[in-house]
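With the numbering used here, letter number 95 in the sequence shown gets 78, and the count goes up by one each step, no holes. Note that CB positions come from ideal geometry on N, CA and C, so glycine has one too. Contents: one structure, followed by commentary.
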Amino acid sequence: MMPRPRSLRRAATAAMLITTVGVLGGLADAALTEGSAHAQAAGLDEGRTRFARGIELYKEGNFHAALAEFRAANAAAPSYRIEYNLGQTLYQLQDYARAVRSFERYLREGGDKIDAERRKEVEGELAKLRQRVAQLTITVAVTTSPVEITVDDEARTEPQPLLVSAGRRRISVTASGYQTETKVIDVAGAKQIEVKFDLKPIGGVVATKGPTPEAPVMRPKSRTPFYIGLAATGVMAGGTAVFAIVTSSKHSTFEKTLATPNATKADIDSQRSGTKTMALVADIFAGATLLAGGLTVVAYVMTSGQEPERGPAPKAAKAPAREWHPLLGPGSVGVGGTF
């Protein structure tokens, strides 16, 4: 920033020199009367030294160094009186917004301790400064928090609207999960300006939360496969028992035939063949019974619990109606249609 014209600097320097003795002498009293009763003597000495150094630098026109010394003096021995010097220095640096805040703190914290003439002077400075500042309202179209706002690389955490100096301002907004967006705007004094930001998510996908799906209506699973398996197992087990009895009977008959003295070879072979056949059928039914039993157990497990209730099946598209009509012409006859 460019400093103010030389004539204005001389006037401001004179005003600051008038108050120097009062501020230097009042730092100790301010430290005691403004809540700094526990301040160390070394801190008060540092405050006086830095304040005097700030005055010298101000007279030399080194406003940046003077500002640093005034701030250090205020940190060592806080006093509302130094806010006046801070305001004047910031005014020289054309940092109008901070100058307004310093002068306002001076009037607010000084209260009745500021004489009428000084109050009138500061209020006059504020009237001019307020034509050189604007109020910014930053709106950010994201739901995440916190949102970080910087103006000219300075983090701004105070409530909106933000007080900024007139001129070109660089505003950046950052939010967790979103890309940082920066805008450079020219700000005119005594304006109220709204600046909107629509941050883009990192990766280009907006993390929006969709509607919560409705819980499906549950119903008990159908036990039909289990009951079918149970019936099949019962039938197979019954068949196994029947053919086992028949096989046993055939075997008894076969043994009696063998014990008969006059039994022919044909009778013995017939009885042996019948016994083997019935034994084979009984074995087949026994194996089928075991298989059906295993499948029944699986069906029982699979049909236990609940499942979502199914809605009606969508209707199939209706096929177009078939039409036909005769085709008659000179020397020809036929049939046409739509299929």
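Along the beta strand (DSSP E) that carries residue i, what are the first and last residues, could you check?
i      : result
Leu146 : Leu145 to Ser148
Thr163 : Element bounds for Thr163: n/a, residue is neither H nor E.
Leu243 : Looking at the sequence itself, residue 243 is Thr, so the reference to Leu does not match. Taken as a continuous stretch (DSSP letters only), Thr243 belongs to no beta strand (DSSP E), as it is neither H nor E.
Ile121 : Val116 to Val123
Arg202 : Met201 to Pro203
Glu197 : Looking at the DSSP string, Glu197 is not in any beta strand (DSSP E), and its letter there is neither H nor E.
Buried or exposed: residue i, going by 16 or more other Cβ atoms within 10 Å of its Cβ?
i      : result
Asn245 : exposed
Gly186 : exposed
Glu177 : exposed
Met261 : buried
Glu137 : exposed
Val156 : buried
Ala198 : exposed
Ile132 : buried
Gln254 : buried
Arg206 : exposed
Ser62  : buried
Ala25  : exposed
Ser85  : buried
Arg293 : exposed
Ser159 : exposed
Val316 : Because the pLDDT at Val316 is just 46, under 50, the model does not fix this residue reliably, and the value given afterwards should be weighed accordingly. Exposed, since its Cβ has fewer than 16 Cβ neighbours within 10 Å.
Pro96  : Per the sequence presented here, residue 96 reads as Lys, with Pro not at that position. Burial call: exposed.
Val4   : The predicted position of Val4 is uncertain, since its pLDDT is 47 and thus under 50; a value taken from the coordinates is nonetheless stated next. Val4 is exposed by the Cβ-count criterion.
Have a look at the options and flag the residue whose alpha-carbon is nearest the alpha-carbon of residue i.
i      : options                           : result
Phe226 : Val264, Glu290 and Phe46          : Val264
Lys183 : Ala35, Thr163, Ala117 and Arg293  : Thr163
Thr272 : Gln77, Ala56, Leu213 and Ile97    : Leu213
Ala82  : Glu66, Val284, Asp95 and Val134   : Glu66
Tyr41  : Gln114, Ser85, Gln75 and Val134   : Gln75
Ala269 : His47, Ser287 and Met219          : Met219
Ala149 : Glu141, Lys174, Thr122 and Gln254 : Lys174
Thr120 : Ser232, Asn68, Ser253 and Val147  : Val147
Val200 : Pro291, Gly26, Ile228 and Leu274  : Pro291
Glu43  : Thr72, Glu92 and Asp135           : Thr72
Lys204 : Val130, Gly257 and Thr286         : Thr286
Arg64  : Ser128, Asn45 and Tyr89           : Tyr89
Arg202 : Arg91, Gln289 and Ala48           : Gln289
Asp135 : Leu145, Ile267 and Pro129         : Leu145
Leu241 : Gln143, Ala58 and Ile251          : Ile251
Comparing the C-beta of residue i with each C-beta of chain C, is any distance below 8 Å?
i      : result
Arg139 : Of the chains in the structure shown, none is chain C; there is only one protein chain.
With residue i as the anchor, note down where its alpha helix (DSSP H) starts and where it stops.
i      : result
Val178 : Careful: Val178 lies outside any alpha helix (DSSP H), inside the beta strand (DSSP E) at Gln175 to Phe180.
Arg293 : That residue, Arg293, is in no alpha helix (DSSP H); it is neither H nor E in DSSP.
Glu141 : Unbroken run through Glu141: none, as it is neither H nor E.
Ile267 : Lys248 to Met285
Ile132 : Run containing Ile132: none in the alpha helix (DSSP H); it sits in the beta strand (DSSP E), Val130 to Val134.
Asp28  : Ala24 to Glu43
Lys183 : No alpha helix (DSSP H) holds Lys183; DSSP gives it neither H nor E.
Gly288 : Neither: Gly288 is in no alpha helix (DSSP H) and is coded neither H nor E.
Leu90  : Tyr79 to Gly93
Ile65  : Tyr63 to Gln75
Lys111 : Ala99 to Leu112
Could you tell me how far apart the beta carbons of residue i and residue j are, in whole angstroms, since I believe they sit closer than 8 Å?
i      : j      : result
Gly172 : Val116 : 6 Å
Ala110 : Phe180 : Contact doesn't hold; Cβ gap of about 33 Å is too wide.
Tyr79  : Leu112 : 5 Å
Val170 : Arg152 : 5 Å
Gly107 : Ala60  : In fact, because the Cβ distance is near 28 Å, the residues do not count as touching under 8 Å.
Ala275 : Thr230 : Wrong, their Cβ atoms sit about 20 Å apart, outside the cutoff.
task = May I ask you to verify whether the region 47 to 63 touches the region 25 to 37, counting CB pairs closer than 8 Å and requiring at least 3?
result = Touching, per the Cβ criterion.
Meets three-Cβ-pair contact criterion under 8 Å: the region 199 to 210 and the region 239 to 257 = Short answer: they don't touch.
task = State whether the region 95 to 108 contacts the region 156 to 171, with contact taken as three or more CB pairs (one from each stretch) at a distance under 8 Å.
result = The region 95 to 108 makes no contact with the region 156 to 171, as fewer than three CB pairs between them are under 8 Å.
ask   = Pairing CB atoms from the region 277 to 285 with CB atoms from the region 218 to 237, are three or more of them under 8 Å?
value = A contact between stretches requires three or more CB pairs, one per stretch, nearer than 8 Å, and the region 277 to 285 fails this requirement with the region 218 to 237.
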